[in-house]
Amino acid sequence: MKKRIFALLICVLMISSLIAGCGQSNTNKPADGTAAPDKTAEKTADASGELSGTFTYWSCFSGDSMIWDQGRVDSFNAENPNVKCEVQFVTDSAGINNGKLLAAIAGGNAPDLIIADDYSSAYSYAANGSFESWEPYLEFTGLSLDDFIKGYQDVMYYDGVPYLIPQDGNALMLYYNVDMFKEAGLDPNNPPTTLAQLDEYADKLSVKDASGNYTTFGYIPWLDSGNDAFVWPFFFGNNVYDQETKKLTITEQNVVDTYEWMRTYAQKYNPEKIQAFVSGAGGMFSPDHPFMTGKVAMTLTGNWFTNALRIYAPDVNYKVAPVPVPAGGRANSTTVNANVFGIPKGAKNPELAAYFLKYAMQPAVNATNFDEWRSVPTIDAAFDEISWTKAGDEIYLMERKLVNSPDSGMPALCKVSAQLSVDINALRDNVIYNNADPLPLLQALQDKMQAELDK
Amino acid sequence: MRGVAKLHRKMKRSKLAGNIETAILYLILIAVSILFVIPFLWLLFGSFKEGSELFRAPFRWLPDRIQFDNYKQMFTAIPFLKYLKNTLIIVFFNIVGSTVSSSFVAYGFARLHWPLRNKIFMIVLATMVLPFQVTMIPLFIMYTNWGWIGTFLPLTVTCFFGNPFFIFLFRQFFVGLPKELTYAARVDGANEFRIYSTIIMPLAKPCITTVAIFAFMRTWNDFIGPLVFLADDDLYTLSLAAQLLRSNLDPRWHILLALGVVMVMPVLIVFFLMQKYFIQGVAMSGIKE
Amino acid sequence: MNMTRKNSIRKPMRAEKKEALTAMVFIAPWVVGFLVFTLYPILSSLYYSMTNYNVLNPPSFIGFENYINLLKDKVYLKSLTNTLYMIVIGGTITIIVSLIVSIIMDNRKLRGISLFRVFFFMPTLVPTVIACVLWIWMLQPTTGVVNTLLGYLGITGPGWIASPTWSKPAMILMMIWACGNIIIVNMAGLQDIPQSMYESASIDGANFFQKVRTITIPLLRPVILYNSVTLIINILQWFAEPLIMTEGGPDSSTLFYSLYLYQNAFQFFKMGYASAMAWIMLIIALALIIFLLKFLKFGESE
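Taken in sequence, the protein lines are chains A, B and C.
Just so you know, this note's numbering puts 1708 at position 345 of the first sequence, and the rest follows in order with no gaps.
Just so you know, this note's numbering puts 1339 at position 260 of the second sequence, and the rest follows in order with no gaps.
Just so you know, this note's numbering puts 249 at position 24 of the third sequence, and the rest follows in order with no gaps.
So this is what it looks like as C-alpha cells:
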C-alpha cells in the first residue's frame, strides 16, 4: 500500500512539475524582448541614483583566468555592499558558441552581463539582435566610447549602435627561435618582414635527416594562430566581410593568394607528415608544443604564448617580430582579438551590469591580468599604468605599437562568422591535403554563405 | 568391431588436435585481452606521472616514481567535489526514477491483459533504439521555453516516465514469474497495485539491481545530455568537467588522467561486485525469443 | 488450476474492462512520457525541419528548402559518407572481431572464460569522455602506445588522428575496443545452440572452421543481425569521440553525421536545417527498426 501511494505521489509530482514548468515560461518570458520587467525599477534605484540589487554575470573564462575573474567579482562585492554580482562560469564563450546564451534569452532567464572571448561570434549575436544597446547605461560605466583604440571600434558597433565593449585585447606576432636562426646562418636581429622573406627563412631553417625526413620545419602556415580561419586572410589585406556593402569578400585576389601560398607549403612538405610531426596532445600550454621542442623555428601566435614559454620552456631563446606580410598586406599590424562585454536581451538589471563594468574596466583591477598574459588594454592611456610598460618591456612596447596601427582591426564581423570560420578551415584543409584549387572553392563558399546572410 | 576401432583411432587423433586447437585459442584470447587491457594500464600509470613526464619521448610505460600529486591537485585545481556532488544528484534521481517508474509500467505490460498490449509494447521497444539526436533539438527548444536549460530538470525528470530498455527488462522478468503467485492474492480481493507493490516487487530484487546498475552507468557516463542541457560551471557533471579540462587552452593532462581513474574506478568496482547482473542485463537486450 | 485457466480464458466482461482500466493506470507514466518527450518532439521536429529557425525569432515556414539544401551541401554529404565508411568498414570489422572472440570463448574446453569476459567487457564501462582522452594519448604519433607497440614489430605507425587517411581507422580501433556488449550478446546467443550439434559434427569429422561455418553462423544469424542493427544506430549517433578528439578534422575526415548536426544546431543556430538532418536520421533509424521488428521477431515473446 505504501508503495502504491509512493508511486502515485511521484506521478503527481511529475505532472505538477510539468505544469509548473509551463507556467514558468509564461511568466518569465519577456513580452517582446525589449520591455524589462517592472522589478527593475524597485530593485535598482530611487531618484538619488544609489544602485542596489543583485545581478548575474556569465564569464567565459576557465583555468587561471577563471580564478582571476572570480577574484575580481569578490573584490567588487566587497567594495559594493549594496550590489551583489553573481558570477557563473559558462564555457564556449559564455554560452555563445553552444546555444546556452540563446536558451537563457529565449527562456527568459538571461544573465545581465556576459564576457565572451570569441568576439566574432559575440558580434554575430549583436547582429542578430541578441544584445541590448550600451547607450542608455553608458553613464553608469563612466566610459567614453571614443577613447577606445580605433582597432577595437569595429566590433563595438552594429549599425551605429554600441553592443559590445572590449575589456582587453591580444596582439599576434611572429615568434622565432634565436639559436636556430644562428645555426642556419640567419641574423636574429633581422627577422623576416615580407612574405617572400618568411618563405626564404623557412626554407633555410628546415632541416632534413639522412633518410630525407624533416626533423625541423622553418615555418608552418596553419600552426597556432595561423590555424584561425580569418587570421592569414586578414594579414594578406582582406576583411572577409565588407560592412558597407554587406557582402563577403573571400573571392578577392588576396584571399586566393593566401590559400595559394599555403598550397606551396603543402606541396613542398607532405602535409600529412607535418601534421603527424607537430601534433602533440598538449597544445599551446605544454612542453610538447613544437616551438618549445624545436620542431619548428618560427610560429605566428599571440602575446599569451610568452607566458606559456615562461612556464614550460624557459630555456628557449626566442624573439618576436611583427607578422611578415606580402605586398598590399597589413604590415606592422595585428588582429586585436578582444574579450568583449555585452548585455543580453531581456537582462533585468542592465544598470547594475554597467556599474560593474565601471569597476571591472579599471586598469588597476585588470593589472594582474595584464601582468600575467601581456594582453593589451583597449584604451591607449591605460598602457602607461601597466608594469610591462613601466619596465620598458620590448615585446609589450611592440604590442602597443601594433595595436595602435591604423591597419589593425577585426576581420569577419558578420552574422555568419561561426559557420564561416568552420567552413574556411575545411576549405583550407581541402587545399593543403588534396591540392585543390582555392578559387572555385572560395566562390562556392561565398555563394552559399552570402545566401545565408541575405536571408 | 572394425567400425568401433576406427572411431577410437579417430577420437585419439582428434584429442591431440584438440589440445593444439585449445592452445591456439588460448593464445588468441590472451593476445586480444592484453590489447583490451593496455589502455587501462596506461591510464593508471599515466595518472602517477608528472605533467612533463607524459610528454617525454620516447615513450616509457612506468612512471619514474609513484606519487599522488595529480590526485591531490584534482581537488584544488578543479572543484572536484562540486562536480561529484552534481553527478551523484543526477545519478540518484535516475536510479530512483527509473526503477520505480519502469517497473510500474512494466507490470501493466506483463501481468495484465488488455487489447493492443503487444502492439503498444512494440512501440516501447522501438523507442529503445531511437537516436537521441532525433529528439534533441525539439527537446532543447521545449526546455528553453520552460526555462529548464541550465538546470538539472532535463536530466532528472524524464527518467520518472519509464525508460524503454528498463521497462523491457522488468517486463521480461515479470512475465517469467508464475501466475499462481498472484492468484491467491487476487482471490483474496487484493487489487493490482497491492499485488505489484507487495508481491511482485519484493521478488524483483535481482531485476531492480540490474536496472539500478544500468541507470547508474548511463548517468555516470552520460556526456551529450549534460553538454546540451547544462549551462554553467556550478552544475557541471564529472564527464562535462573532464571535457572542459581537455578543451582548455591549458589542458593539464596529468590531472585529467587522475580524474579519469577516479571516474572509471567506481564503475569497475560496481562491475566486479555485481558482474552477474551486468552480464544478464546486456545479454537480455539481445534475447528476442 | 482448472479454475484459473477458465478464469483467464473467459472472464466476465466487467472484470476484463476493469483489468484494462487498471493497466491504463500502470502504463500511464510511459504514455505521458512518450507523448511529451518522444512523440511531440519528433512531430515538432518535422515542423521545424521545414522552417528557418534560430530560437530567438519565430520560425518561418520554407517548405522543403532545408532538405533540398542538404542534398546540395557538400559538407553534409561528406559527413554522410564518413558515417557510411564507419558503418560499412568499421561496423563489419567490429562485428567480425567480436564474433571471432565470442566463438572462441564459447569453446567448452577452455577454462577461465569468465576472466576473459571481464577483460573484454571492461572497456564498455569507461565513460566516453575518459575513453576519448585515453585514446588521444594512445594514438599520439611519436609518444603514443599504439605506435610504440607497432614499433616493437618494426612498423612505423601513421599519424592516426592527425592524418586525414588514418583518422577513421583510428576511430575504428576505438570502436573495436568497446565491443564488449556485442560479445556478451553473442555469447548469450551461442549458449542457446545445443552442444550435441557440435558433438555429432565432430563424429562426422568436421573441424573447427567447418563447425563454425555450418552450425554456429547460421544459428546465430538473428543475433548477428540484431547486433548489426544496434551498432549501425550507435554509429549514427557517434558524437563525443569526434567532438573531443578531432573536432571533425583533419580535412573533415572525422566529421560524422551527429557532429555536423550538433554544429548546425548549437554553433550555427540553424535549428531548422539541423532538424531536417535529424529527420533524415530518423527515417534511416526507422527503416532499421522496422527491419528489426519484422525480420527478427524482436520482442515477440510468449
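For every residue, glycine included, the Cβ atom is placed at its ideal position computed from N, Cα and C.
Neighbours of Ser-477(C) in chain A, taken as residues at a C-beta separation under 7 Å, are given in chain order as Ala-1789 and Asp-1792.
Following the DSSP letters along the chain, one finds Cys-1448(A) inside the beta strand (DSSP E) bounded by residues 1446-1452. Within chain B, no residue has its beta carbon less than 7 Å from that of Ala-1717(A); the closest one is some 22 Å off.
DSSP places Ile-1168(B) in the helix class (H, G or I) of the three-state scheme.
For the segment 1120-1147 of chain B, the residues whose beta carbon sits under 7 Å from a beta carbon of chain A are, in order, Ser-1131 and Phe-1134. From the beta-carbon of Met-1647(A), the residues of chain B found nearer than 9 Å are Leu-1328 and Asp-1329.
Annotated as proximal: Glu-1449(A) and Thr-1419(A), with beta-carbon spacing under 8 Å.
Note on geometry: alpha-carbon atoms of Glu-1129(B) and Trp-1121(B) lie some 14 Å from one another. For Ala-499(C), the closest C-alpha among the options Leu-260(C), Thr-247(C) and Ile-267(C) is that of Ile-267(C). Shown here, Val-1703(A) sits in a strand according to DSSP, grouped into three states. Taking 8 Å as the threshold, the shortest C-beta distance from Pro-1707(A) to chain B does not fall below it. Listed in chain order, the alpha helix (DSSP H) runs fully inside the segment 1685-1747 of chain A are 1713-1723 and 1726-1736, counting runs of at least 4 residues. Contacts with chain B (Cβ-Cβ distance below 8 Å) from the segment 255-268 of chain C involve Trp-255, Val-257, Gly-258, Phe-259, Val-261, Phe-262, Thr-263, Tyr-265, Pro-266 and Ile-267, listed in chain order. If you look at Leu-1476(A), you'll find it in the beta strand (DSSP E) that goes 1476-1479.
Neighbours of Ala-1310(B) in chain A, taken as residues at a C-beta separation under 8 Å, are given in chain order as Gln-1451, Val-1453, Gly-1458, Lys-1463, Ala-1466 and Ala-1467. Contact annotation: Leu-456(C) and Ala-510(C) have beta-carbon atoms that are not nearer than 8 Å. Residue state for Pro-1769(A) is assigned as coil, using DSSP reduced to three classes.
By alpha-carbon distance to Lys-1258(B), the top candidate from Arg-1190(B), Phe-1295(B), Leu-1319(B) and Asn-1327(B) is Arg-1190(B). Burial of Tyr-1486(A) is indicated by the presence of at least 16 other C-beta atoms within 10 angstroms of its C-beta. Identification of residues in the segment 1226-1256 of chain B having a C-beta nearer than 9 Å to some C-beta of chain A yields Gly-1226, Trp-1227, Ile-1228, Gly-1229, Leu-1232, Val-1236, Phe-1239 and Phe-1240, given in sequence order. The beta carbon of Phe-1293(B) does not come within 8 Å of any beta carbon belonging to chain C, so the residue lies off that interface.
Residue state for Val-1570(A) is assigned as strand, using DSSP reduced to three classes. By the criterion of at least three beta-carbon pairs nearer than 8 Å, the segment 1345-1360 of chain B is in contact with the segment 340-350 of chain C.
Take the alpha-carbon of Glu-1714(A) and the one of Gln-1813(A): they are about 37 Å apart. A contact is defined here as three or more CB-CB pairs under 8 Å, and the segment 1732-1741 of chain A fails this definition with respect to the segment 1472-1488 of chain A. Of the other Cβ atoms in all chains shown, fewer than 16 fall within 10 Å of the Cβ of Phe-1154(B); this residue is therefore exposed. The continuous alpha helix (DSSP H) containing Tyr-1262(B) extends over residues 1259-1266. Closer than 8 Å to the CB of Gly-1532(A) there is not a single CB belonging to chain B.
Contacts between Gln-1212(B) and chain C, judged by CB atoms closer than 7 Å, involve Gln-462, Ser-483, Leu-486, Ala-503 and Met-506 in chain order. For Glu-1495(A), the three-state secondary structure derived from DSSP is strand. Checking the DSSP bridge columns, you'll see Ile-1528(A) partnered with Phe-1704(A). The beta-carbon distance between Asn-1540(A) and Val-1679(A), rounded to whole angstroms, is 7 Å. This is short enough to meet the 8 Å contact definition. For Leu-1537(A), the beta-bridge partners assigned by DSSP are Leu-1663(A) and Ala-1684(A). Val-1436(A) is positioned such that its CB atom lies no closer than 8 Å to that of Ser-1415(A). Val-1254(B) and Thr-1237(B) have their C-alpha atoms roughly 26 Å apart. Listed along chain B is no residue with a C-beta nearer than 9 Å to that of Asp-1437(A); the closest approach is about 15 Å.
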